[in-house]
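Structure first, commentary second.
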Amino acid sequence: MRTHKVIYSPLGILTLVAEDGMLIGVEASPTDFLPQHTVRLGLAAEDGFETVERQFEEYFAGRRCCFDLPVSQKGTPFQEQVWRAVQAIPYGQTRTYKQLAMALGDASKARGVGAALARNAVGIVIPTHRVVGTKGALTGYSAGIDAKRALLELEAAPANEVLRQQCSGAGVPA
């Protein structure tokens with residue numbers, strides 16, 4: 081069964097979407113839902129999102145560098161490879177689309193990396209905000225460039241230096 085819950089974050093309203101206990105979406109949300117959203121988002125639920133909410137609160141408070149949540153996201157083998165590579169980018173660091181493509185074995189696939197990132201339905205959890213354009217340019221982010229900038233600034237904040245050091249090896253939960 082698909083359910084959703086709206087939470088408030090420093091980025092504004094986020095809608096968490098789960099199916100059968102697995103997180104399948106994190107969406108920046110408008111304040112008013114259109115009727116067609118209820119099918120895509122499922123039923124509104126108050127219960128079942130406690131762990132997700134707690135981890136988001138910890139992340140935005142600078143006490144968590146990555147998420148440890150059951151996530152279900154299906155994509156092509158290339159998309160899934162890109163998403164895994166993005167999860168390996170340490171908290172507070174960035175990579176360019178080209179660097180990711182090179183790490184995946186083909187620098188010419190930088191546009192493909194960008195397309196795969198655009199298909200990521202669980203933004204922040206899979207930190208596609210850590211991928212930037214050449215020379216650090218902030219490009220493309222499903223929640224908007226301002227949200228991308230805010231997430232990168234949060235991770236780079238001087239107050240989060242200890243967290244960055246603790247999490248310098250990606251995939252280490254806070």
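All residue numbers for the sequence shown refer to my numbering, where the first residue is 81 and numbers rise by one. Idealized CB from N, CA, C, for every residue including glycine. For clarity, every value in this text was computed on a predicted model and none was experimentally measured.
Note on geometry: alpha-carbon atoms of D100 and I93 lie some 23 Å from one another. Across the structure, R143 and V211 are spaced so that their CA atoms are roughly 22 Å apart.
If you look at R82, you'll find it in the beta strand (DSSP E) that goes R82 to S89.
In the three-state scheme derived from DSSP, where H, G and I count as helix and E and B as strand, T176 is classed as strand. By the neighbour-count criterion, in which a residue is buried when 16 or more other Cβ atoms sit within 10 angstroms of its Cβ, R175 is buried. Residue pairing by DSSP puts V106 in a beta bridge opposite L96 and V202.
A Cβ-Cβ contact shorter than 9 Å links L231 with L91.
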